[in-house]
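Residue numbers (our numbering): 397 to 521.
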């Protein structure tokens with residue numbers, strides 16, 4: 397039995413690495429350009445969405461462009477609990493992600509020679 401090969405979509409994102417969907421704007425982008433978030437604990441010990449800039453925290457992750465516009469859209473759409481498959485009855489605060497985005501520079505004004513935005517998530521945590 398032979399399999400048919402489907403060519404890559406030329407209009408889609410580049411294929412030089414894993415591609416994820418932003419839970420805010422729903423656009424597809426390379427994983428390196430998105431911020432991963434997971435369910436963790438807030439200061440009071442309650443479940444909360446926390447940033448995972450290194451992408452190494454255990455558990456299901458949801459990806460988001462590191463902009464306040466995508467963050468606000470994700471909060472308004474109630475995308476965090478749905479994407480993280482959190483229990484519908486429980487409260488899930490995403491304030492830590494908003495604070496992280498305000499605090500950490502994303503280097504969106506710095507572009508390399510190829511015109512891509514460069515980010516170094518691991519050094520900012």
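Ideal Cβ placement from N, Cα and C applies to all residues, glycine included.
Small disclaimer: the values here were computed from a predicted structure and weren't measured.
Between the options, which has its C-alpha nearest residue i's C-alpha?
{"i": "residue 500", "options": "421, 426, 462", "result": "462"}
{"i": "residue 494", "options": "414, 472, 479, 478", "result": "472"}
{"i": "residue 437", "options": "413, 490, 414", "result": "490"}
{"i": "residue 432", "options": "458, 480, 488", "result": "458"}
{"i": "residue 465", "options": "498, 414, 412", "result": "498"}
{"i": "residue 422", "options": "439, 441, 467, 440", "result": "467"}
CB residue i to CB residue j, shorter than 8 Å?
{"i": "residue 443", "j": "residue 435", "result": "yes"}
{"i": "residue 487", "j": "residue 445", "result": "no"}
Mark residue i as exposed unless 16 or more other C-beta atoms lie within 10 angstroms of its C-beta, in which case mark it buried.
{"i": "residue 455", "result": "exposed"}
{"i": "residue 470", "result": "buried"}
{"i": "residue 479", "result": "buried"}
{"i": "residue 416", "result": "buried"}
{"i": "residue 475", "result": "buried"}
Pull up the CB-CB distance for residue i and residue j, whole angstroms please, since I reckon it's below 8 Å.
{"i": "residue 339", "j": "residue 420", "result": "For the chain, the structure presents residues 397 to 521; residue 339 sits outside this window and is missing."}
- Message: Any contact between the segment 418-426 and the segment 447-454? By contact I mean 3 or more CB pairs, one from each, below 8 Å.
- Response: no
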